[in-house]
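For the record, in the sequence shown the residue sitting at position 104 is 94 according to this note's numbering, with numbers rising by one throughout. Note that the Cβ used here is the ideal one computed from N, Cα and C, for glycine as well. Okay, so here's the structure we're looking at.
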Amino acid sequence: MLLKDKFFTVLHEEKLSANDAIYLCELNADCDVYRGHFPGKPVSPGVCNIEMIRECAELLTGEDLRIDTIKQCRLTAVASPQVCPKVDVTVNVARLEGTQNYNVAASIKDAERSYMELKGTFVIKN
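Take a look at the structure:
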């Protein structure tokens, strides 16, 4: 399920290198996800945070990616469009030589706190 422009909107992209970027994303409070999680006190489900990272990794690589392995995923705080309407999604990708795989390290943060840290392997979809 694509969440870009529904669950979140990329407001700004800052490419630091071919392998690193920071995406300023706005959490769209009107998205149905927030109505279900939870009415009046919306929170961003962890699976949606992971998908937001995957979609930002696609923007950086220019490839359609699927998640192969999540080696580490730490939910360090609850993200919410009421608490943190804008977050930075920082993505680092490293293509594994001779493969269709990328090692990915990513985080979701704002000026106040970190919401998620993820390390894993993403694979180019065939």
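Cα atoms of Asn91 and Ile43: separation of roughly 16 angstroms, rounded to the nearest angstrom. Of the residues assessed, Pro29 falls on the exposed side of the cut-off, its CB having fewer than 16 other CB atoms within 10 angstroms.
By the Cβ-count criterion, Leu1 is exposed, with fewer than 16 other Cβ atoms from all chains shown falling within 10 Å of its own Cβ.
Take Arg64, set aside five residues on each side of it, and the residues of its chain with a beta-carbon closer than 6 angstroms to its own are Glu107, in chain order. Asp58 is positioned such that its CB atom lies no closer than 8 angstroms to that of Thr(-1).
Excluding residues up to 5 positions away in sequence, Val0, Glu3, Cys46, Val79 lie with their Cβ nearer than 6 angstroms to the Cβ of Tyr13 in the same chain. When the Cα atoms are used, Leu50 and Gly26 turn out to be separated by approximately 30 angstroms.
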